[in-house]
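> Quick one: structure below, then a few questions.
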Amino acid sequence: MSVTPSQFGQSDPPEDSAPAARLHRGDGVSSLSPALREVLRCPMTRANLIQVDEHHLMSERPFREGVHPVFPVVDGIPNFLPIARRS
1 MSVTPSQFGQ
11 SDPPEDSAPA
21 ARLHRGDGVS
31 SLSPALREVL
41 RCPMTRANLI
51 QVDEHHLMSE
61 RPFREGVHPV
71 FPVVDGIPNF
81 LPIARRS
């Protein structure tokens with residue numbers, strides 16, 4: 001199953017954004033350990049998280065209007081901050 005951030009109301013950083021915002025796009029850089037993924041829960045739904053690709057986690061349970069929250073994984077660390085506060 002391949003899911004993109006734009007399918008969930010999120011967008012990729014603009015091309016002129018800071019290079020650090022694009023670093024997690026590399027192959028295999030952002031893999032999350034299975035042990036860590038097992039204990040993490042979605043901060044919005046409290047459900048388990050599904051790894052949809054190397055760079056994104058998604059809640060197993062929808063939050064509002066059937067939309068499943070999606071969170072980026074940067075250098076193996078999930079970013080659970082609200083979209084407006086992510087840098």
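Going by full-length UniProt numbering, the sequence shown opens with residue 1, and the numbers climb by one from there.
In this text, a Cβ means the ideal position worked out from N, Cα and C, and glycines have one as well.
Taking C-alpha atoms, which residue in Pro82, Ile83, Arg37 lies nearest to Val52?
Stepping through the sequence shown from its first residue, residue 52 is reached at position 52. Nearest option by C-alpha distance: Arg37.
> Would you decide whether Leu32 is buried or exposed? Buried here means 16 or more other CB atoms lie within 10 Å of its CB.
Translated into the one-based positions of the sequence shown, residue 32 becomes position 32. Buried is the call here.
> What's the C-alpha gap between Asn79 and Val39?
For the purposes of this step, residue 79 is taken as residue 79 along the sequence shown, with counting starting at 1. For the purposes of this step, residue 39 is taken as residue 39 along the sequence shown, with counting starting at 1. Asn79 and Val39: Cα-Cα distance of roughly 15 Å.
> For Glu70 versus Met58, is the C-beta spacing smaller than 9 Å?
Position 70 of the sequence shown, counted from the first residue, corresponds to residue 70. Position 58 of the sequence shown, counted from the first residue, corresponds to residue 58. Sequence check: residue 70 is Val here, not Glu. In this structure, Met58 lies closer than 9 Å to Val70 by Cβ.
> Can you list, in chain order, the residues of its chain whose CB lies under 7 Å from that of Thr45, leaving out five sequence neighbours each side?
Position 45 of the sequence shown holds residue 45. The residues are Ser59, Arg61, Phe63, Pro69.
> Nearest-angstrom Cα distance between Pro82 and Arg41?
Locating residue 82 in the sequence shown gives position 82, where the first residue counts as 1. Locating residue 41 in the sequence shown gives position 41, where the first residue counts as 1. The alpha-carbon atoms of Pro82 and Arg41 are separated by roughly 15 Å.
> Mapping the DSSP letters down to three states, classify Leu81 as helix, strand or coil.
Position 81 of the sequence shown, counted from the start, is the residue given in the question as residue 81. Here Leu81 sits in coil by DSSP.
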